[in-house]
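First comes the structure, then the notes that go with it.
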Amino acid sequence: MYGNLKAEMARKEIGNAEVAQIINTTEKTVRNKLSGVTEFSFFETLKIRDSLFPGWSIEELFSDEEKKVG
């Protein structure tokens, strides 16, 4: 779940702690959201995208389909 988000986090060396700080939650909650136990709220997706991945659309970033480049 959230393959693009996890891939981009890895590429930019962004950890769960940084995401947790942005959305004002715990690292455990971020792990649960990334693994699909719970879902990101719409406002959380906006905060993550705007703070860390401004070149991405919400749909692409929070999808499992790879972003097409070029």
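Using our numbering, the first residue of the sequence shown is number 301, and each one after it goes up by one.
C-beta atoms are modelled at their ideal positions from N, C-alpha and C, and glycine is treated no differently.
Being a predicted model, the structure only gives us computed values, none of them experimental.
**Message:** Less than 8 Å between the C-beta atoms of Asn316 and Glu327, yes or no?
**Reply:** Pairing Asn316 with Glu327 gives a Cβ-Cβ distance under 8 Å.
**Message:** Just to confirm, is the Cβ distance from Val319 to Val330 under 8 Å?
**Reply:** Between Val319 and Val330, the C-beta spacing is below 8 Å.
**Request:** Quick one: grab the DSSP three-state call for Met301.
**Result:** Assigned with DSSP and collapsed to three states, Met301 falls in coil, not helix or strand.
**Message:** For Lys312, count the other beta carbons within 10 Å of its own beta carbon; 16 or more makes it buried, fewer makes it exposed. Which is it?
**Reply:** Label assigned to Lys312: exposed.
**Message:** Residues in the same chain with beta-carbon distance under 7 Å from Thr345, minus the five sequence neighbours each way, listed in chain order, please.
**Reply:** Contacts found: Ile358, Phe362.
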